[in-house]
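I have placed the structure first, in the form of structure tokens, so that the comments after it can refer back to it.
Number of protein chains: 2
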Amino acid sequence: MVETRKEEIIRVAARLFKEKGYSAVTMRDLAKAMGIKAASLYNHIDSKQDILKTIIISLAEEFTAGMVTILQSEISSLNKLKRIIALHVGITGENTDGMASLNNDWMHLEEKLDYYLMLRINYEDNFRKIIREGIAAEEIVDKDPDIMLFSILSTLRSLYIWIPDKKNLDPLQLSHELSAILLNGINKKVKKIS
Amino acid sequence: MVETRKEEIIRVAARLFKEKGYSAVTMRDLAKAMGIKAASLYNHIDSKQDILKTIIISLAEEFTAGMVTILQSEISSLNKLKRIIALHVGITGENTDGMASLNNDWMHLEEKLDYYLMLRINYEDNFRKIIREGIAAEEIVDKDPDIMLFSILSTLRSLYIWIPDKKNLDPLQLSHELSAILLNGINKKVKKIS
DNA sequence: CAATTAAACTAACAATTGTTAGTTTACCTT
DNA sequence: AAGGTAAACTAACAATTGTTAGTTTAATTG
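Written as structure tokens, this is what we have:
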């Protein structure tokens with residue numbers, strides 16, 4: 001399936017948004033990157049807002065869909081976390097530029113802001129629930145679930161910064177290494193006698 | 001020591017920059033938040049740029065100074081990492097708003113951009129060196145140091161988002177809990193027999 | 001070939017941007 | 001009371017912003 005002109009504009013916009021942020025990128029910047037004049041962009045898109053909305057909402061819904069699938073699978077909590085890690089590595093690897101907007105420019109969503117926040121809160125709640133279940137099942141250490149959630153999610157949300165520099169690493173291997181570090185830590189010494 | 005008017009402007013600016021990003025905050029926004037007119041700001045500051053520069057560079061230098069102290073201390077690599085974690089918790093706790101600019105708006109630094117990037121690269125290099133020494137000393141698992149660096153630093157750099165929601169937690173306790181999770185992981189099962 | 005259409009263009013708009021110049025106000029020090 | 005000063009003000013500027021209207025170009029379709 002070939003890329004439409006609109007999709008091309010959105011893809012290029014995401015790249016510019018990643019570099020300077022949504023607010024600092026002008027429609028003339030975007031037009032120049034496309035090799036056309038600013039007014040010509042409006043043959044394809046409704047507004048600057050519309051571009052941001054498309055980038056962010058599609059990604060947020062992808063995460064939501066992934067989370068639903070993971071919740072439905074009947075695997076251990078730790079394995080659910082591993083699949084969440086793989087979900088982030090996968091989506092981020094496919095759209096690093098868009099992930100920058102999702103992380104940094106969601107507050108400029110305007111009409112779609114409430115919907116986005118709803119998706120995000122829901123995602124975090126499900127994430128936290130998996131951690132809580134893991135603690136109850138004695139798979140996960142009994143510490144503050146919020147700190148664990150924050151710690152893992154911060155790393156996963158920052159993947160967009162880091163993945164482009166590590167082109168040689170394939171997604172599967174990165175997922176595995178990341179799971180090992182996030183779940184087992186980096187300390188070599190014995191942790192628990194069980 | 002009481003706050004000068006200039007410091008007050010910078011503090012309020014940092015709060016606004018955190019909410020909307022540097023580019024989306026106008027001098028009229030800042031003036032309104034200060035209860036004065038935009039032109040009056042220029043009795044105290046040189047330019048909008050100048051505000052951003054002050055916020056970011058002072059924080060970056062604080063991190064650099066902290067890293068120097070840690071490097072000089074003769075403690076194990078794991079303990080150095082613990083002190084780095086405490087350094088981030090400490091600085092972020094004192095200036096959460098400024099940390100948002102440091103993380104998200106450094107690319108708008110213009111003249112001071114190169115200096116900032118130098119400090120940041122230096123900081124990361126020292127961080128990576130500590131991890132490498134920990135691996136050599138068999139304190140830290142023998143995995144990709146870059147992934148460990150990325151994982152820990154991503155969490156520490158995101159503290160500014162999360163600390164304000166956790167007001168009740170004191171810095172020392174947060175440092176300890178964070179160290180436990182970042183260094184030992186969340187997996188409850190025995191990790192290594194050695 | 002004629003008609004349609006996709007996608008570019010020029011020109012312009014009203015609003016907003018950071019910033020400057022010059023002035024006024026209110027307080028402190030002599 | 002006089003003078004100085006910190007910090008506000010009004011008014012305006014040149015540049016840039018997102019966007020619209022109307023037109024031209026080039027390719028595709030009937």
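Sequence order for the protein chains is R and X.
Take the first sequence: its letters are residues 1 to 194, numbered as in the working numbering.
Take the second sequence: its letters are residues 1 to 194, numbered as in the working numbering.
Even for Gly, the Cβ is constructed at its ideal location relative to N, Cα and C.
Every value quoted in this text rests on a predicted model; they were computed, and no experiment measured them.
Item                                                                                                                      : Value
Alpha-carbon spacing of Thr-64 of chain X relative to Ile-84 of chain X, whole angstroms                                  : 11 Å
Spatially closest choice to Met-148 of chain X from X:Lys-189, X:Leu-78, X:Glu-177 and X:Ala-100, by CA coordinates       : X:Leu-78
For Asn-168 of chain X, the three-state DSSP class (helix, strand or coil)                                                : coil
Sequence-distant residues of the same chain with beta carbon closer than 7 Å to Gln-49 of chain R, five excluded per side : Glu-110
Integer-rounded CB distance, given that Leu-182 of chain X should sit under 8 Å from His-88 of chain X                    : So it is not a contact: roughly 11 Å between Cβ atoms.
Uninterrupted alpha helix (DSSP H) stretches inside the stretch 76-111 of chain R (no shorter than 4 residues)            : 77-94 and 96-104
Range of the contiguous alpha helix (DSSP H) that encloses Ala-60 of chain R                                              : 48-72
Cross-strand partners of Ile-121 of chain X (DSSP beta bridge)                                                            : Paired residues: none, contrary to the question.
Nearest-angstrom beta carbon gap, Phe-17 of chain R and Ala-136 of chain R [assumed within contact, 8 Å]                  : That belief does not hold up - the Cβ atoms of Ala-136 of chain R and Phe-17 of chain R are roughly 41 Å apart, past 8 Å.
Beta-ladder partner(s) of Asn-187 of chain X, from DSSP                                                                   : R:Ile-140
Proximal residues to Ile-193 of chain X (C-beta, below 7 Å), its chain only, five neighbours per side dropped             : Confidence is the limiting factor: at Ile-193 of chain X the pLDDT is only 45, short of 50, which leaves the residue's position unreliable, though a coordinate-based value still follows. Closer than 7 Å at the Cβ level, and outside the excluded window around Ile-193 of chain X, lies no residue.
Where the alpha helix (DSSP H) through Ile-195 of chain R begins and ends                                                 : Because chain R here runs from 1 to 194, residue 195 of chain R falls outside it and cannot be looked at.
Proximity test, Cβ basis, 8 Å: Met-148 of chain R and chain X                                                             : yes
Test: Gly-185 of chain R CB closer than 8 Å to a CB of chain X                                                            : yes
Helix, strand or coil at Thr-155 of chain R according to DSSP, with G and I counted as helix                              : helix
N-terminal and C-terminal residue of the alpha helix (DSSP H) that Glu-19 of chain R is part of                           : 5-20
Within-8 Å CB hit, Ile-84 of chain R to chain X                                                                           : no
Residues that Thr-26 of chain R contacts on chain X, provided the C-beta gap is smaller than 8 Å                          : Simply none; closest approach about 10 Å.
The stretch 107-123 of chain R in contact with the stretch 115-135 of chain X per 3-pair CB rule at 8 Å                   : no
Residues near Ile-45 of chain X by beta carbon distance below 7 Å, same chain, minus five either side                     : Lys-6, Ile-9 and Ile-51
Rounded Cβ spacing between Arg-28 of chain X and Ala-14 of chain X (contact assumed at less than 8 Å)                     : Not really, about 17 Å apart at Cβ, beyond 8 Å.
Span separating the alpha-carbon of Ala-60 of chain X from that of Leu-119 of chain X                                     : 7 Å
C-beta neighbour in chain X for Val-2 of chain R, strict 8 Å                                                              : no
Inter-residue Cα distance where the pair is Asn-184 of chain X and Phe-150 of chain X                                     : 16 Å
Secondary structure of Asn-43 of chain R, DSSP reduced to three states                                                    : helix
Residue from X:Ile-75, X:Val-2, X:Glu-3 and X:Thr-4 whose Cα sits closest to the Cα of Glu-139 of chain X                 : X:Ile-75
Residues near Glu-133 of chain R by beta carbon distance below 7 Å, same chain, minus five either side                    : Ser-77
Met-107 of chain R: contacting residues in chain X (beta-carbon distance under 9 Å)                                       : Glu-19, Lys-20, Gly-21 and Ala-24
Span separating the alpha-carbon of Thr-196 of chain X from that of Ser-47 of chain X                                     : Here chain X covers residues 1 to 194 and nothing more, so residue 196 of chain X does not appear.
Nearest candidate by alpha-carbon position, reference Thr-4 of chain X, set X:Asn-43, X:Lys-20 and X:Asp-142              : X:Asn-43
Against chain R: residues of the stretch 124-139 of chain X by CB proximity under 7 Å                                     : Glu-138 and Glu-139
Listed by chain order, chain R residues near Asp-144 of chain X by CB distance under 8 Å                                  : Glu-177
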